[in-house]
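Accompanying notes for the structure given below.
2 protein chains.
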Amino acid sequence: MGLSNISDLRKKEIVEAFYKTAIKEGLESTSIAKIAKSLDIPPSLIVHYYKSKDELVNALINHCLELYLKIFEKTYDSAIDSSQMLPSLINRMFSKDWNDLFDDGVYYSAYAMVFREPKFREKFSKIHKILRLKLSELLKECNETGMIKCINPDQTANQIFFLLDGTYFYINMLETYKEQNEHLESSKKLAYSILGL
Amino acid sequence: MGLSNISDLRKKEIVEAFYKTAIKEGLESTSIAKIAKSLDIPPSLIVHYYKSKDELVNALINHCLELYLKIFEKTYDSAIDSSQMLPSLINRMFSKDWNDLFDDGVYYSAYAMVFREPKFREKFSKIHKILRLKLSELLKECNETGMIKCINPDQTANQIFFLLDGTYFYINMLETYKEQNEHLESSKKLAYSILGL
DNA sequence: TTAATAGTTGAATGAGTATTCAATTAATTG
DNA sequence: CAATTAATTGAATACTCATTCAACTATTAA
Numbered sequence: 001m002g003l004s005n006i007s008d009l010r011k012k013e014i015v016e017a018f019y020k021t022a023i024k025e026g027l028e029s030t031s032i033a034k035i036a037k038s039l040d041i042p043p044s045l046i047v048h049y050y051k052s053k054d055e056l057v058n059a060l061i062n063h064c065l066e067l068y069l070k071i072f073e074k075t076y077d078s079a080i081d082s083s084q085m086l087p088s089l090i091n092r093m094f095s096k097d098w099n100d101l102f103d104d105g106v107y108y109s110a111y112a113m114v115f116r117e118p119k120f121r122e123k124f125s126k127i128h129k130i131l132r133l134k135l136s137e138l139l140k141e142c143n144e145t146g147m148i149k150c151i152n153p154d155q156t157a158n159q160i161f162f163l164l165d166g167t168y169f170y171i172n173m174l175e176t177y178k179e180q181n182e183h184l185e186s187s188k189k190l191a192y193s194i195l196g197l
Numbered sequence: 001m002g003l004s005n006i007s008d009l010r011k012k013e014i015v016e017a018f019y020k021t022a023i024k025e026g027l028e029s030t031s032i033a034k035i036a037k038s039l040d041i042p043p044s045l046i047v048h049y050y051k052s053k054d055e056l057v058n059a060l061i062n063h064c065l066e067l068y069l070k071i072f073e074k075t076y077d078s079a080i081d082s083s084q085m086l087p088s089l090i091n092r093m094f095s096k097d098w099n100d101l102f103d104d105g106v107y108y109s110a111y112a113m114v115f116r117e118p119k120f121r122e123k124f125s126k127i128h129k130i131l132r133l134k135l136s137e138l139l140k141e142c143n144e145t146g147m148i149k150c151i152n153p154d155q156t157a158n159q160i161f162f163l164l165d166g167t168y169f170y171i172n173m174l175e176t177y178k179e180q181n182e183h184l185e186s187s188k189k190l191a192y193s194i195l196g197l
């Protein structure tokens with residue numbers, strides 16, 4: 001993480017202010033002026049660092065996807081020993097308080113842009129393919145230790161993520177924590193069943 | 001379907017123009033002026049029928065959700081006989097050309113509003129709960145005919161939809177039709193397996 | 001036919017938008 | 001210290017936004 005000069009620091013600061021404002025106001029209705037106000041700087045300074053709004057949105061999407069990836073990587077690293085890794089990962093993936101680390105409102109707004117901007121589509125697919133690859137590799141390792149018997153690790157990794165994404169997609173519509181938790185538990189069980197754990 | 005007077009016709013016309021414009025330009029960047037232009041009417045006429053932008057967005061979300069629900073209901077009705085209903089439904093749910101009936105870009109943009117507008121959250125959850133209920137009832141019927149042995153139809157219906165939503169969420173990021181189809185096929189198989197078919 | 005209502009128009013309002021630019025201050029380098 | 005570069009400012013640009021309003025034209029009812 002270089003961020004040596006002021007320029008890079010400012011750029012990061014601006015993107016983070018964008019992210020925070022977008023959480024409150026919504027991604028599409030967050031203007032350069034609003035970001036500037038939250039940082040108490042003139043709007044022209046933001047334009048100085050990001051030549052256009054498009055460039056700024058681009059930087060935000062990068063920021064979001066990196067954040068998303070980091071949360072996953074952190075989950076991987078936190079496992080005590082390798083044999084505990086898979087169940088530990090599944091448990092954390094299907095738990096609401098883990099999901100709360102990231103703002104879904106901004107995430108889905110950014111995702112919606114995938115349908116009109118091919119470059120965003122590529123970014124999103126890249127990150128999600130990386131995540132699937134990581135899980136797939138973990139499954140292969142667990143296969144070798146005899147923990148699981150997974151015939152097609154790539155396919156299974158995909159299935160687990162389908163289940164994960166679909167579950168969060170639904171529970172975000174639900175009001176009570178109780179309801180959300182019940183569905184997460186149900187999906188977690190199904191995930192275990194798919195893995196043969 | 002009343003739509004007796006001109007007022008109701010105009011209102012529907014406006015919402016549909018909103019939807020079509022949103023497909024091309026994106027939901028959040030579709031203004032009243034743009035909708036008006038596409039209909040070749042002055043913006044003030046739109047405001048006359050929908051007192052505010054918020055009311056207009058509300059009407060669009062209703063329109064989208066009704067459209068979504070209708071697609072499902074049509075799929076239900078199209079089954080030749082009741083014994084064919086379940087496999088026929090699953091096949092159509094997990095096929096891309098069926099999904100293409102509805103614009104996902106607009107759908108996810110609307111979904112993103114769920115995080116800031118409780119009234120939209122309620123609308124979305126209502127529709128999705130109806131869909132799950134319908135599938136659950138179908139599973140119960142299939143249980144009675146002995147077609148399947150589903151211990152918890154409500155939970156199973158949820159799981160099928162988790163898988164469905166998660167699969168579409170992912171394949172929308174993918175470029176090639178081939179890739180998309182492979183994942184849909186894989187998920188369809190898992191759905192069959194979950195149902196014990 | 002007259003009166004009342006509903007549909008439609010175009011112009012105007014004020015606030016907010018992204019972006020440009022010249023001027024000014026701060027930091028860095030020779 | 002002097003010269004150069006980078007960071008910052010504030011004002012101004014042209015444009016789009018949602019919304020208002022008075023005037024106008026159909027349509028309908030009495």
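Respectively, the protein sequence lines represent chains A and B.
The first sequence maps to residues 1 to 197 in the UniProt record's numbering.
The second sequence maps to residues 1 to 197 in the UniProt record's numbering.
C-beta atoms are modelled at their ideal positions from N, C-alpha and C, and glycine is treated no differently.
V57(A) - containing alpha helix (DSSP H), residue span: For this step, residue 57(A) is matched to residue 57 along the first sequence. K53 to D77 is the span of the alpha helix (DSSP H), which, as asked, contains V57(A).
Three-state secondary structure assigned by DSSP to S95(B): Numbered from 1 along the second sequence, position 95 holds the residue referred to as residue 95(B). Here S95(B) sits in coil by DSSP.
First through last residue of the alpha helix (DSSP H) which encompasses P118(B): Sequence index remark: in the second sequence, residue 118(B) carries index 118 (1-based). Run containing P118(B): P118 to E144, per the alpha helix (DSSP H) assignment.
Contacts around D103(B), its chain only, beta-carbon distance under 7 Å, and the 5 residues preceding and following it disregarded: By one-based count along the second sequence, residue 103(B) stands at place 103. Taken in chain order, the residues that qualify are I23.
Counted within 10 angstroms of its Cβ, other Cβ atoms place G146(B) as buried (16 or more) or exposed: As a position in the second sequence, residue 146(B) is number 146, starting the count at 1. Its Cβ having fewer than 16 others within 10 Å, G146(B) is exposed.
Nearest-angstrom beta carbon gap, L138(A) and L86(A) [assumed within contact, 8 Å]: As a position in the first sequence, residue 86(A) is number 86, starting the count at 1. As a position in the first sequence, residue 138(A) is number 138, starting the count at 1. Confirmed, Cβ separation roughly 6 Å.
Own chain partners of G196(A) with C-beta closer than 8 Å, once the 5 adjacent residues on each side are dropped: Translated into the one-based positions of the first sequence, residue 196(A) becomes position 196. Correct list, in chain order: I148, K149 and C150.
Residue-chain proximity (D165(A), chain B), Cβ-Cβ < 8 Å: Position 165 of the first sequence holds residue 165(A). Closer than 8 Å: yes.
Interface flag, residue 276(A) vs chain B, CB-CB below 8 Å: The requested residue 276(A) does not occur in the structure, where chain A is confined to residues 1 to 197.
Chain B contacts from the region 85 to 115 of chain A (Cβ-Cβ distance under 9 Å): D103, D104, G105, V106, Y107, Y108, S109, A110, Y111, A112, M113, V114 and F115
Helix, strand or coil at S31(B) [DSSP, three-state]: Taking the first residue of the second sequence as 1, we reach residue 31(B) at position 31. Note: S31(B) maps to coil in three-state DSSP.
Inter-residue Cα distance where the pair is E16(B) and W98(A): Translated into the one-based positions of the second sequence, residue 16(B) becomes position 16. Translated into the one-based positions of the first sequence, residue 98(A) becomes position 98. Between E16(B) and W98(A), the C-alpha separation is close to 39 Å.
CB contact check: N62(A) to chain B, cutoff 8 Å: For the purposes of this step, residue 62(A) is identified with residue 62 of the first sequence, where counting begins at 1. No, no contact with chain B.
F72(B) vs F169(A) beta-carbon contact at 8 Å: The residue you call residue 72(B) lines up with position 72 of the second sequence. The residue you call residue 169(A) lines up with position 169 of the first sequence. No, they are not a contact pair.
C-alpha gap between Y76(B) and E25(A), whole angstroms: Reading the second sequence from its first residue, position 76 is the one you call residue 76(B). Reading the first sequence from its first residue, position 25 is the one you call residue 25(A). Each residue's Cα considered, the two are about 39 Å apart.
Reference K37(A); option with closest CA among L27(A), T21(A), Y50(A) and S29(A): Start at 1 with the first residue of the first sequence, and residue 37(A) comes out as number 37. The shortest Cα separation from K37(A) among L27(A), T21(A), Y50(A) and S29(A) belongs to T21(A).
Nearest candidate by alpha-carbon position, reference T156(B), set Y177(B), R132(B) and D165(B): Here the question's residue 156(B) lines up with position 156 in the second sequence. T156(B) has its Cα closest to that of R132(B), out of Y177(B), R132(B) and D165(B).
Cβ-based burial, L45(A) [other Cβ within 10 Å; buried from 16]: Indexing the first sequence from 1 puts residue 45(A) at position 45. Flag for L45(A) reads exposed.
Spatially closest choice to N181(A) from R92(A), Y107(A) and A110(A), by CA coordinates: Position 181 of the first sequence, counted from the first residue, corresponds to residue 181(A). N181(A) has its Cα closest to that of R92(A), out of R92(A), Y107(A) and A110(A).
Under the three-state DSSP convention, the category M173(B) falls into: The count along the second sequence starts at 1 and reaches residue 173(B) at position 173. In the structure shown, M173(B) sits in coil (DSSP, three-state: anything other than H, G, I, E or B).
Chain A within 8 Å of Y170(B), Cβ atoms only: By 1-based counting over the second sequence, the position of residue 170(B) is 170. Output row for Y170(B): interface = yes.
Q155(B): contacting residues in chain A (beta-carbon distance under 7 Å): Here residue 155(B) refers to the residue found at position 155 when the second sequence is read from its first residue. Correct list: S186.
Neighbourhood of N172(A) by C-beta distance below 6 Å, restricted to the same chain and skipping five residues each side: Translated into the one-based positions of the first sequence, residue 172(A) becomes position 172. Here the set comprises D104.
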